[in-house]
Amino acid sequence: MAREDFSGTTLAGYSIGNMVGEGGTASVYRADHPAHGAVAVKVLREKLRNDRTAVARFLREASYGTRVEHPNVVRTIEIGEARPGLHFLAIEWARGELLERYAKQHAPLPTDEVAAIIHQISSAVKAAHAAGIIHRDLKPDNVMYDAERRHVKLLDFGIAADSHMSSEERLTRAGFFVGTLMYVAPEALSGALVTPSADQYSLATIAYYLLTGCFPYLGKTQREIFTQLLSQPPISLNLARKDLKFAEGVEQVIMQGLERDPVKRFPDVLAFATALHDAINAPEIPKQGGGGFLGKVRSLFGGSED
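Here the working numbering = 1-based position in the sequence shown + 1356.
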């Protein structure tokens, strides 16, 4: 069966251009609209259009996007049906490239750039949390990054959860999880109730990856990583690579964000990002030589320790 492609057609007034992405549930096109200009149009895949659950999830993602208005979140423009069963979502066209692609080419990134990226993502996620939405799939592949302006846009609420849902609705059976394994919080794997703190864990993993080009767990298979996440502490930031050394404060912030126990993490994602920014920008305190305080006194008077 030939792949469905709407390139060169018009859907609900949108002139569809090239396909720019394709996932398990939808295809994404660059498009133009007389009133909205350049946009991205997401179309539910043909094989899922008669699947009521898939349609409901697609529409739920679209509705979550309308609830979060923030400079670092892609703006939802329209949700509709181009024709019966052909559901689409139009969002603003974000400049730049996926952070995943950028990081693969440039990581480890300068610490000040990482601080700027993480702070913007945290601001976007904090806005989602304020709207009662837990993203659950924070990863570089769900972030558009304009490196020239160092500007971030969060996208894809495809597996987000409403924090106002009942506990029973939001619980995940042990052994099953939603998200991407390398970035998912341990509590999501164990079947515990996922809270906004799970997004903080994912954000800390993104920061770790941008700073080092490595992940805090190094299992060779999905099963190994799964086991490590549930039973082992993450690799300390300063042990990720022999050629990299970070200030103690930076390491402490990252590792607190990666705490297995959600209660031990920062109060919220913005607190984590602010602490990371402050740690990265903290002035280095020179080590005192010559025996601490007495050595400093001797040096002031030109004395010797002999």
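For every residue, glycine included, the Cβ atom is placed at its ideal position computed from N, Cα and C.
> If you draw a straight line from the C-alpha of Ala-1471 to the C-alpha of Pro-1427, how long is it?
Replying inline: Position 115 of the sequence shown, counted from the first residue, corresponds to residue 1471. Position 71 of the sequence shown, counted from the first residue, corresponds to residue 1427. In a straight line, the C-alpha of Ala-1471 is about 17 Å away from that of Pro-1427.
>> Please return the same chain residues whose Cβ sits closer than 6 Å to the Cβ of Ser-1553, not counting the five positions on each side in sequence.
In response: Sequence index remark: in the sequence shown, residue 1553 carries index 197 (1-based). Cβ within range, chain order: Pro-1618, Arg-1621.
> Helix, strand or coil: how does DSSP classify Gly-1364 here?
Replying inline: In the sequence shown, the residue the question calls residue 1364 occupies position 8. Of the three classes helix, strand and coil, the one that applies to Gly-1364 here is coil, per DSSP.
>> Taking 6 Å as the limit between beta carbons, can you name the residues of its chain near Gly-1364, skipping five residues before and five after?
In response: What you label residue 1364 is simply residue 8 of the sequence shown in a count that begins at 1. Excluding positions up to five away in sequence, the list is empty.
>> Just to check my reading of the structure: Leu-1442 and Val-1499 have Cβ atoms closer than 8 Å, yes? What is that Cβ distance to the nearest angstrom?
In response: Taking the first residue of the sequence shown as position 1, residue 1442 is located at position 86. Taking the first residue of the sequence shown as position 1, residue 1499 is located at position 143. With 8 Å as the limit, Leu-1442 and Val-1499 do not qualify as a contact, their Cβ atoms being about 28 Å apart.
>> Rounding to the nearest angstrom, what Cα-Cα distance links Tyr-1420 and Phe-1602 in this structure?
In response: As a position in the sequence shown, residue 1420 is number 64, starting the count at 1. As a position in the sequence shown, residue 1602 is number 246, starting the count at 1. Rounded to the nearest angstrom, the two C-alpha atoms are 37 Å apart.
> Would Ala-1382 pass as a contact of Leu-1445 if the rule is Cβ separation under 9 Å?
Replying inline: For the purposes of this step, residue 1382 is taken as the residue at position 26 of the sequence shown. For the purposes of this step, residue 1445 is taken as the residue at position 89 of the sequence shown. A contact, by the Cβ cut-off of 9 Å.
> Closest to Gly-1379 by CA distance: which of Leu-1494, Asp-1512, Ala-1483 is it?
Replying inline: On the sequence shown, position 23 is the one that residue 1379 refers to. Closest by alpha carbon: Asp-1512.
> Per DSSP, what kind of secondary structure is Asp-1388 in: helix, strand or coil?
Replying inline: Taking the first residue of the sequence shown as position 1, residue 1388 is located at position 32. Strand at Asp-1388.
>> Can you tell me whether Glu-1543 is buried or exposed? The criterion is at least 16 other CB atoms within 10 Å of its CB, across all chains shown.
In response: On the sequence shown, position 187 is the one that residue 1543 refers to. Under this definition Glu-1543 is a buried residue.
>> Quick test of your reading: Leu-1593 and Thr-1561, contact by CB under 8 Å. State the CB separation rounded to the nearest angstrom.
In response: Locating residue 1593 in the sequence shown gives position 237, counting from the first residue. Locating residue 1561 in the sequence shown gives position 205, counting from the first residue. With 8 Å as the limit, Leu-1593 and Thr-1561 do not qualify as a contact, their Cβ atoms being about 11 Å apart.
>> Using a Cβ-Cβ cutoff of less than 8 Å, which residues in the same chain neighbour Tyr-1573 once the five nearest sequence positions on both sides are dropped?
In response: As a working note, residue 1573 is residue 217 in the sequence shown. Only Met-1538, Ile-1581, Gln-1584, Leu-1585, Gln-1588, Pro-1590, Ile-1591 meet the Cβ criterion.
> How big is the Cα-Cα spacing for Gln-1461 and Arg-1597?
Replying inline: As a first step, residue 1461 must be located in the sequence shown, where it is residue number 105. As a first step, residue 1597 must be located in the sequence shown, where it is residue number 241. Each residue's Cα considered, the two are about 17 Å apart.
> Who does Tyr-1501 pair with in a DSSP beta bridge?
Replying inline: Within the sequence shown, residue 1501 is the residue found at index 145, counting from 1. Answer is Glu-1453, Val-1508, bridged to Tyr-1501.
>> Restricting to Cα atoms, I'd like to know which of Lys-1509, Ala-1503, Val-1550 is closest to Thr-1432.
In response: Residue 1432 sits at position 76 when you count from the first residue of the sequence shown. Of the listed residues, the one whose Cα sits closest to Thr-1432 is Lys-1509.
> According to DSSP, what are the bridge partners of Leu-1442?
Replying inline: Residue numbering aside, residue 1442 sits at position 86 when the sequence shown is read from its first letter. In the DSSP output, where bridge partners are listed per residue, Leu-1442 has Arg-1439.
> Helix, strand or coil: how does DSSP classify Val-1470 here?
Replying inline: Indexing the sequence shown from 1 puts residue 1470 at position 114. Reduced to three states, the DSSP call for Val-1470 is helix.
> How long is the line joining the alpha carbons of Arg-1466 and Lys-1398, rounded to whole angstroms?
Replying inline: Here residue 1466 is taken as the residue at index 110 of the sequence shown, counted from 1. Here residue 1398 is taken as the residue at index 42 of the sequence shown, counted from 1. Reading off the sequence shown, one finds Pro at residue 1466, where the question assumed Arg. Their backbone Cα atoms lie some 34 Å apart in a straight line.
> Hey, out of Ile-1435, Glu-1360, Gln-1578, Arg-1359, whose CA is closest to Ala-1368's CA?
Replying inline: Residue numbering aside, residue 1368 sits at position 12 when the sequence shown is read from its first letter. Residue Ile-1435 is the option with its Cα nearest to Ala-1368.
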